[in-house]
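Numbering (the working numbering), first residue to last: 5 to 217. What follows is a short report on a single structure.
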Amino acid sequence: MPRPIRATISQSALSHNLGVARQRAGDAKVWAVVKANAYGHGLLRAAKAFGGADGYAVLDFAEALQLRNAGVAKPILMLEGLFEPEDVAVIARQHLTPVFHSLEQIEMLQKTPLEGAIDAYLKVNSGMNRLGFTMDNVRVAWNALKEHSAIRSVTLMTHFADAEGAGVAAQVDWFDKIVQSFEGPRSLAHSPALLRFPEARADWVRPVVMLYV
């Protein structure tokens, strides 16, 4: 016999958590991260509960399309950007916002016709060492996006490697050093940084764990 385990999900609790995130965010806008089926809470259920967010963030295109097909018109951030050239057409058609974190993605964009204009994020590696541009190649990526006729705006983004221990000051300083000559909005804080370090709010915040606990 299966174990009699039941999970009860409260939409009002999810909405409350978003309210806390928005209060902490101050004037910054809020991406509600709902990737991986909203961490098992149900993508559409969570999206409804997080209706007060300024946009949603996902990983794969199937979830982005599920949101659009459900009538969600708010911005949708593709946290890992595009995976193949065919994704460029989907991004344009569905008005998605891709995160560019590699030169290969930039090359896909340059080689694929893009109908209409889109917003883009440029991810900078400030110490996580997983995804993102470094001081060696960020200028090439920045110029490519800024010069592309179909890119409407470029937001600079990073993901903190540590916001629970030593803090984010060194990571923010490194990020600022890398992008010091680039103008545009910034997206820095995830949940731990949003809760502990108001100086990391920037223009867009991306709460994750605090939305679900």
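Each residue gets a CB set at the ideal place from its N, CA and C atoms; glycine is no exception. A quick note: this is a predicted structure, and the numbers were derived from the prediction, not measured.
(request) Look at the Cβ atom of G131, then the Cβ atom of Q70, and state whether they are nearer than 7 Å. (result) no
(message) What ranges does the beta strand (DSSP E) occupy inside the segment 152-211, keeping only unbroken runs of at least 3 residues that lie completely in it?
(response) 155-162
(message) In the DSSP assignment, the alpha helix (DSSP H) including V92 goes from what residue to what residue?
(response) 91-98
(message) Check whether the segment 77-93 and the segment 47-62 are in contact - that is, three or more C-beta pairs closer than 8 Å.
(response) yes
(request) Taking the CB atoms as reference points, tell me whether A206 and R190 lie closer together than 7 Å. (result) yes
(message) Suppose the cutoff is 7 Å on Cβ atoms and the five residues either side in sequence are ignored; what does the same chain contact list for Q15 look like?
(response) R49, K52, A53
(request) Compare the C-alpha of A193 against each of A40, L149, D180, H163 and name the closest. (result) H163
(request) On a CA-only basis, which of M139, L149, R26 is nearest I182? Give me that one, please. (result) M139
(request) Pick out whichever of L149, N133, A93 has its Cα sitting closest to the Cα of F104. (result) L149
(message) Tell me the residue span of the alpha helix (DSSP H) that contains V3.
(response) Residue coverage of the chain in this structure runs from 5 to 217, which leaves residue 3 outside it and unanswerable.
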